[in-house]
Amino acid sequence: MTTHHAPGPLDAASRPAQPAHTGPGEPDPVRNLAGPGAPGALYAGPGPSGDTAAGSASGTGDSPAQGSGGPGTAAPPGGDPVKALMHRHRELCARAVDPLEIAAALEAHGMTDRTAAHFRHRDVFSLAEEMYARVPRHSSDRSAPPALAHAVPEPVAGAAAGPSRLLTLVLLPALPGALCAGLLAGLAQAPPGRARTLAVVAGVLAVLSAVQLCLRHGPLRSPRPAGVTVRLATLWLLGYAVLGDGLLDAAVRGGPDRLWPVDTATALGLALAVWPAVLCARLFTGGARRRLARSRGLGEFAAATRPLLLASLTCYLAALAGLLALAGAALGAPPALGGAGALGALLLLARLLLVHGHRAMPTVALATAAGVELAVLCSVLASRLPGCGFLAVPAETLIEVCGAEAVPTLACAVAAFALLGRAVPALSRASAHTDPGTR
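The sequence shown: position 363 = 368 (our numbering), numbered continuously.
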């Protein structure tokens, strides 16, 4: 890779400013990054009272009349906008061992290549190189690892060895599938009655508790707990995958007037798939952070991470399809491959985004998929009201042509594809894989 030139202070002052003006009413990203009171802060134009918004590089508080008064306007010719940014991130610059670490932190704060033009640089990495080069360092600092290695969380970068790795990568992920298989085997021998019902409730709670343990430990652990919306939507999607197709089919036929069939093969396949989900999440997270330690630029890291994400997702879907087929063969019931596969992809992508600090995207995707399933079911039931028969026409037409499985398949597949389109750029950013303390 070609080595970038690290410009010094004279280079920064000698280049012509290339301001990228923000639109009316938009927040000025430069002012947010440089800080309102930092030395060398850029002018933000006159406020409603006509007072000055920021001083010049020397901190004298010159009025906007002496510069230019629009938002996002560059500093006067004698100003040094990079110095203001260095002042704002002085601790990061002091401890950085590589320009990529500074670039990842700037990216996490919302800086883009367009924003970097305010600081007279063509991209974020070029700006980070100058900030890194202008910090005084001892000779011993230059022998530090030429990468972002120390910004990678140790428990993930060098996976915990011994009993801890065995527990989080083998024993815990296998527990939901083992409990679900044991529950189904026991129910096959248990006579109908109250004891059977209690056993079902206890078994379902045990499987859900085992899944929760996997989400609290190991590669699927999120730095912050998932919101209530995510939890409710996930529970609904899982419940619909097991009970929904039979209920919808019975509702279209005028029921349900008795207990509808339960998709036990899908339930067992999804429970067994927790293990490959953990392993594929570990494959992606560990591989991304190893690439982060070797990369020399944000573009290089993103180009190496995108195929890794797609490969991890493909491996998981292949494992899920095999486990669903195995569960169907063992129980003598064909599983809902389309609906369960789309649901598995949606849940894995949502969890990866939550693990790496993105909450809004998975929340919207999961809630949308659950809302579509709920709306279809409610429309069929509401069509029984006088004069509301038209409400069930779309659902009845879809079920007649494609079967009841088409509803969860379409709902989860569309949500999964939309989430994948957002996850690829979000998870290929260096800031998504650094220690939260450096963001």
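Using N, Cα and C, we set each Cβ at its ideal position, and we do this for glycine too.
This one's a predicted model, so the numbers in the text were calculated from it and none came from an experiment.
Residue 173 and residue 226 have their C-alpha atoms roughly 10 angstroms apart.
Taking C-beta atoms as the reference points, residue 432 and residue 310 count as a pair closer than 8 angstroms.
Counting other Cβ atoms within 10 Å of its Cβ, residue 170 stays below 16 and is therefore classed as exposed.
For the stretch 252-333, there is no continuous beta strand (DSSP E) assignment of 3+ residues that stays within its boundaries. Residue 139 holds the alpha-carbon nearest to the alpha-carbon of residue 85 among 398, 139, 416, 306. In this structure, residue 366 keeps its C-beta atom at 8 angstroms or more from the C-beta atom of residue 415.
A straight line joining the alpha-carbon of residue 94 with that of residue 228 spans about 24 angstroms.
In the structure shown, residue 389 adopts coil according to DSSP, grouped into three states.
For the pair of segments examined, the stretch 176-183 was found to touch the stretch 211-222: the number of CB pairs separated by less than 8 angstroms reaches three. Secondary structure of residue 225 (DSSP, three-state): coil. Residue environment for residue 262: exposed (fewer than 16 other C-beta atoms within 10 angstroms of its C-beta). Between residue 329 and residue 312, the gap from beta carbon to beta carbon reaches 8 angstroms or more.
Taking C-beta atoms under 8 angstroms as the contact rule, residue 353 and residue 282 qualify, at a distance of about 6 angstroms.
Sequence-distant Cβ neighbours of residue 292 in its own chain, meaning closer than 6 angstroms and more than five residues away, are 313.
Here DSSP, grouped into helix, strand and coil, assigns residue 169 to helix. Each residue's CA atom was taken as its position, placing residue 269 and residue 426 some 32 angstroms apart. In the structure shown, residue 437 adopts helical secondary structure according to DSSP, grouped into three states. For residue 338, the three-state secondary structure derived from DSSP is coil. Residue 117 carries a coil assignment under DSSP once its states are collapsed to helix, strand and coil.
When C-alpha distances from residue 302 are compared across 129, 429, 117, the shortest belongs to 129. Distance between residue 119 and residue 235, taken at the CA atoms: about 34 angstroms.
The Cβ-Cβ distance between residue 260 and residue 325 does not fall below 8 angstroms. Inclusion of residue 361 and residue 437 in the CB contact set at 8 angstroms is warranted, their separation being smaller than that value. DSSP places residue 405 inside the alpha helix (DSSP H), whose first and last residues are 398-407.
The criterion of a C-beta distance shorter than 8 angstroms is satisfied by residue 413 and residue 246. Counting every other CB atom within 10 Å of its CB across the protein chains shown gives residue 371 a total of 16 or more, marking it as buried. Separation of the CB atoms of residue 257 and residue 401 is rounded to 6 angstroms, and the pair is thereby assigned contact status at 8 angstroms. Your pair residue 378 and residue 249 checks out as a contact, with CB atoms roughly 6 angstroms apart and the cut at 8 angstroms.
If you ignore the 5 residues before and after residue 356, its C-beta comes within less than 6 angstroms of the C-beta of 225, all in its own chain and listed in chain order. In the DSSP annotation of this structure, residue 232 is not part of any alpha helix (DSSP H), being labelled neither H nor E.
Ranked by how close their Cα comes to the Cα of residue 254, the residues 406, 98, 435 have 406 in first place.
Taking each of 435, 338, 107, 284 in turn and checking the Cα distance to residue 272, the smallest one comes out for 338.
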